[in-house]
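Take 1 as the starting number for the sequence shown in our numbering and just add one per residue.
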Amino acid sequence: MTSSDTEQTIRLRVHRGCARSGSTLQEYAIPGTAAASLLDGLRWVRAHVDDTLAFRYACINANACKECMVRLDGKTVYACLARLEPGHTYEIGPLPNKPLVRDLVTDIAPAKERLLDLSGSREGGEGEDEA
Ligand code: FES
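Take a look at the structure:
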């Protein structure tokens, strides 16, 4: 890799894992031209490097579904709106105030809309999403 390549590379340090296994950071290097948005970058990683990376989205850059929320360098963002710059390193994590499913996927459904478990109680407990 030349210094020019390094200047054009975007590095994503992504929190991987689930609530049971704990979290580890995994770094992915992607071409600067492959990702204008964080969602573009995550999709590039899944298509070209690691198809096990879990993240959620539905509308792809239309900002309509609101399912792509993650933490980017400590701030909550919509991955489809967050812009990436070549030559930078970013840390991406799941939403901290929602139950972690895996990697960047959290359970964002309101408690009243979650499926009932076999005992008849809602997962996540009463009033979890009420503020
Ligand atoms: S992908 Fe739908 S709002 Fe971001």
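Idealized CB from N, CA, C, for every residue including glycine. Note that the structure is predicted; figures quoted are calculated from it, not measured.
- Under a 10 Å Cβ-count criterion, Ser21 is classified as exposed, with fewer than 16 other Cβ atoms of the shown protein chains found around its own Cβ.
- For Ser23, the beta-bridge partners assigned by DSSP are Gly17.
- If you compare the alpha carbons of Cys18, Arg46, Val49 and Ala36 with that of Pro94, the shortest gap goes to Cys18.
- Taking the Cα positions, Arg13 is about 25 Å away from Ala62.
- Distances from the CA of Cys59 to each of Pro86, Pro110, Met69 and Gln26 were compared; the closest alpha carbon is that of Met69.
- When the beta-carbon positions are compared, Tyr90 and Arg16 stay at least 9 Å from each other.
- Closest by C-alpha distance to Arg56, out of Ala35, Gly87, Tyr78 and His48, is Tyr78.
- The set of residues with a C-beta under 7 Å from any non-hydrogen atom of the ligand FES comprises Leu39, Tyr57, Ala58, Cys59, Ile60, Asn61, Ala62, Asn63, Ala64, Cys65, Lys66, Glu67, Cys68, Tyr78, Ala79, Cys80 and Leu81, given in chain order.
- Pro31 has its alpha-carbon roughly 11 Å from the corresponding atom of Leu84.
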